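Have a look at the structure below before the remarks.
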Amino acid sequence: MLTDITIGQYFPGTSVIHRMDPRFKILSTLLFIITLFAGNSVWTLVIGGIFVCLMLALSRIPFGLIWKSIKPILPILVFTGILNLVFVGDDNVLWEWKFLKITMGGVHTSIFMIVRIVLLIVGSSLLTYTTSPILLTDAIESLMNPLKKVKFPVHEMAMMMSIALRFIPTLIEETDKIMSAQKARGATLDSGKMMDRIKALIPILVPLFVSAFRRAEELATAMECRCYRGGEGRTRLRQLRAEARDYVGFIISMLFMAASVAVNILL
Amino acid sequence: MSDMIEAKHLVFRYPAEIGEDGKPAAQNEPILKDVSLSIERGSFTAILGHNGSGKSTFAKHINAILLPEEGTVLVDGMDTRDESKLFDIRQKAGMVFQNPDNQIVATIVEEDVAFAPENLGVEPQEIRRRVDEALHTVGMYEYRNHAPSQLSGGQKQRVAIAGVIAMQPDCIVLDEPTAMLDPQGREEVIETIHRLNREQGITIVLITHYMEEAAQADRVVVIDGGKVVLDDVPAKVFSQVDRMKALGLDVPQVTELAWELRQAGYDISPEIITEDACLAALERLLQM
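Take a look at the structure:
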C-alpha cells in the first residue's frame, strides 16, 4: 500500500561515484545541466552522452533503475517530440498534408530536444541515486553557507528539510491508519465520481493535519530539551571533507564541460 | 552536596485560553498547587498520579520547559528561572517523552543520538565517541545506520534514551516512556533505565501509570490534584490499598491479592509488591 513508497531514490552502493563528496556531485550536476542547455551543437549532446554513460558505468547503477527514471517523463518526451516536429520547419520538406508540414529541420530539432531531456533526467537522477537524502541535505547546507552573510536562514532550511525527510514515513503510516479507520466507518475512498472522491479526502486530511501539528509541537519541545538553539555554535558528527579524489572527479567533469563549450565555439 | 532536584512550594497554572470576545477567559485552576519535593542524587523515583493530576506538568518544570508561577525549582543547585543557566540545566536533566516518534529528529539513528552533543558544540571526534558509547549502553549499536521508521517502538524509545545519555546528564526524567509500547518494548525500556541507574548512577525520575514499574523504584511519589499526597518506599505506598483506590490508582496485582487475603482474615504482610515475595508469603500461608 502506501508504505511501499520509497523516499527519494537512493540506491545504496560503494562505487567511486557513491563515495564522492556530495558537494562536488551537486556542483558537477549543475554544471552538466548548464552546459547541456547552453550548447546548441550536436557535439554537446555527444560529449554529454559520453559523460553520462561513463558515470553510469562507474556508479554500477542497474539499467532498470535508469529506465524507471525516464518512464514517468515519456509523455513529456513524446509531446516535445511532436511539437518540435510540427512547428519547427525549414525548406527541406519531407512530408506535407494540409496545414501539417514535416521538414528535415523539424526532425533534427525534435531528436535533439528528446536526447537533451533524456540526458538531463539521467544525469540528475544519477545524483539522487548515488547520494543519500541526508548527505544531500548536508551538502546543500554546506554549499549555501556563504548566503548566511546576507542573512539567509541556511541552517534553518537544512533543518526543515531533514525533519521533513524524517517525518515522511511517519506521516504515510499515519495516513494509512486514518484511511483504514475511515473505511471501517463506511467511507468509500476509491470509487464514485471525481468530486465525490475529492470530498472523501477531507475526513482524511483533517485528522492528518491535526496530528501533524501536534507532532510538530511535541518535536519542538523534545528538541529544546536536547539543548537545540539554532545553528549558532553547532558542531556536526559527520564532517564533509573533500579529498584528493573528489577534486580529481570534479576536474574530470569540468574537462568534459570545457570540451563541450569549446566544441560549441569552434564548430 | 545539594539534592539533584529540589522543588519548593511550586505553583503553576496554564495560561487562560482566549475567549470568543478576544479577551482571556477566567483564570485556570492551578494544575500544581504547592508541590515540594526533593530528589536525591542517584535515586530512582517513580511518580504516580491519574490523568490531569499534574505529574507531567511537574516533569516539564525539571528542565525549564515550564517555569513556576510561584516557588522555585532547583536542578543541581541551579534555579530554572535563571536564563543564563538554561542549557546547563537541560544538559544536566535530560527528558524522554511518551511518543518515541515525536522526539526523534534525524533520519538515521546515530545522527539522532548526535543531535544533543551537536547542539552543545562538542568536537566531532568526541561526538562520535559519545554516540557509540550511548548506543552500546542502550543496546542499539547494531542499528546505528538504520532509519528510525525501521525500528520497533521499544527500539525507538531506546534510541531516544541514547540521545539523552549522549548529553552526559546527571538525571533523566522519563514522562510515561512505556505508555505507547507493547509489553516486550516496555520491558526493554525499563530494563535499560534500571541499568543506567545502577551502573552509571544516573538519577531517574520515572513518571508512569504502570504500578509494576513503580514497584521497582526506590521511592514512589503520588501526586493528586496538584499536590504530593503520598511519598515513601513502594511497599509502604502500595500497602495503603484503600487510599490508592480512593486516588483513582491501582496497586500491583500481588499487593491487591495480599490485601484481599488480609481482608478475609489471613495473616499476610500488606507490604508485598513483588511476585517473588507474594509467592513466598503464600507458601508460608499454605504450610500453616
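Line by line, the protein sequences give chains A and B.
Under our numbering, the residues of the first sequence are numbered 1 to 267, in order.
Under our numbering, the residues of the second sequence are numbered 268 to 555, in order.
Even glycine gets a Cβ: it sits at the ideal position worked out from N, Cα and C.
Remember, it's a predicted structure, so these values are computed and weren't measured experimentally.
Query, Result
"Which partner residues does Gly231 (chain A) have in the DSSP bridge list?", "Per DSSP, none; premise fails for Gly231 (chain A)."
"So, at 7 Å on beta carbons, what are the nonlocal neighbours of Ile535 (chain B) in its own chain, with the 5 sequence-adjacent residues on each side left out?", "Ala525, Leu528, Arg529, Ala548 and Leu552"
"I think Val122 (chain A) touches Ile66 (chain A), with their Cβ atoms under 8 Å apart; what is that distance to the nearest whole Å?", "6 Å"
"How would you list, in chain order, the residues of chain C whose beta-carbon sits under 7 Å from the beta-carbon of Tyr228 (chain A)?", "You won't find chain C in this structure, because its protein chains are A and B."
"Looking only at C-alpha atoms, which of A:Thr128, A:Phe37 and A:Asn264 sits nearest to Met113 (chain A)?", "A:Phe37"
"Mind reading off the beta-carbon distance from Lys503 (chain B) to Glu538 (chain B)? Whole number of angstroms is fine, and I expect it under 8 Å.", "7 Å"
"For chain B, check one thing: does any of its Cβ atoms lie closer than 7 Å to the Cβ of Ile34 (chain A)?", "no"
"Determine the extent of the beta strand (DSSP E) in which Glu538 (chain B) is found, giving its start and end residues.", "Where Glu538 (chain B) is concerned, there is no enclosing beta strand (DSSP E), given that its DSSP letter is neither H nor E."
"What residues in the region 219-247 of chain A bring their beta carbon closer than 7 Å to a beta carbon of chain B?", "Leu219, Thr221, Ala222, Met223, Glu224, Cys225, Arg226, Cys227, Tyr228, Arg229, Gly233, Arg234, Thr235, Arg236, Leu237 and Gln239"
"Which residues bound the alpha helix (DSSP H) around Lys327 (chain B)?", "Lys322 to Ile329"
"Against chain B, with Cβ distances strictly below 7 Å, would Ile178 (chain A) count as a contact?", "no"
"Distance cutoff 7 Å, beta carbons only. Does Thr170 (chain A) sit that close to anything in chain B?", "yes"
"Would a C-beta distance cut-off of 7 Å place Leu304 (chain B) and Ala274 (chain B) closer than the cut-off?", "yes"
"Please give the ranges of any beta strand (DSSP E) in the region 454-489 of chain B, keeping only runs that are unbroken, at least 3 residues long and fully inside the region.", "470-474"
"For a test of the three-state rule: what should DSSP assign to Met362 (chain B), helix, strand or coil?", "strand"
"Where are the alpha helix (DSSP H) runs, 4 residues long or more, that stay fully inside the region 368-411 of chain B, in chain order?", "376-386 and 391-404"
"Using the Cβ count rule (16 or more neighbours within 10 Å means buried), how would you classify Pro501 (chain B)?", "buried"
"For the region 166-228 of chain A, which segments carrying the alpha helix (DSSP H) assignment without a break, of at least 4 residues, lie completely within its bounds, in sequence order?", "194-225"
"Under the DSSP definition of a beta bridge, which residues are partnered with Val302 (chain B)?", "B:Leu277"
"Can a CB atom of chain B be found closer than 7 Å to the CB of Arg215 (chain A)?", "yes"
"Using the C-alpha atoms, what's the distance from Asn464 (chain B) back to Ala313 (chain B)?", "13 Å"
"Pick from A:Ile178, A:Glu141, A:Ile70 and A:Leu85: whose alpha carbon is nearest that of Ile117 (chain A)?", "A:Ile70"
"Chain A beta carbons: is any one of them nearer than 7 Å to that of Met271 (chain B)?", "no"
"I want to see whether chain B comes within less than 7 Å of Asp4 (chain A), judged by CB atoms only; does it?", "Note that Asp4 (chain A) scores a pLDDT of 44, beneath 50, so its modelled location is shaky and nothing firm can be said."
"Using C-beta distances below 7 Å, list every residue in its chain close to Glu287 (chain B), excluding the 5 sequence neighbours before and after it, in chain order.", "none"
"Check whether the region 474-491 of chain B and the region 438-457 of chain B are in contact - that is, three or more C-beta pairs closer than 8 Å.", "yes"
"Have a look at Thr3 (chain A) and Met194 (chain A) and give me their C-alpha separation to the nearest angstrom.", "Because Thr3 (chain A) sits at a pLDDT of 44, beneath the cut-off of 50, its placement in the model cannot be relied upon, and the point is left open."
"Counting only beta-carbon atoms, is Ile140 (chain A) nearer than 7 Å to chain B?", "no"
"Scan the region 49-120 of chain A and note each continuous beta strand (DSSP E) run of 3 residues or more that stays entirely inside, going in chain order.", "93-97 and 100-103"
"Any chance the region 159-178 of chain A sits against the region 409-429 of chain B, with 3 or more Cβ pairs inside 8 Å?", "yes"
"Mind checking Ser180 (chain A): buried by the 16 CB within 10 Å criterion, or exposed?", "exposed"
"Assuming Thr29 (chain A) and Ser124 (chain A) form a contact by the criterion Cβ under 8 Å, report the distance between their Cβ atoms to the nearest whole angstrom.", "6 Å"
"Would you mind sorting Leu255 (chain A) into buried or exposed? The rule is 16 or more other CB atoms within 10 Å of its CB.", "exposed"
"Of the residues that make up the region 498-529 of chain B, which ones have a beta carbon closer than 9 Å to any beta carbon in chain A?", "none"
"Pro133 (chain A): which of B:Glu336, B:Glu307, B:Met362 and B:Ile375 sits nearest, CA to CA?", "B:Ile375"
"Tell me, please, whether the region 397-413 of chain B touches the region 425-437 of chain B by the rule of three or more beta-carbon pairs shorter than 8 Å.", "yes"
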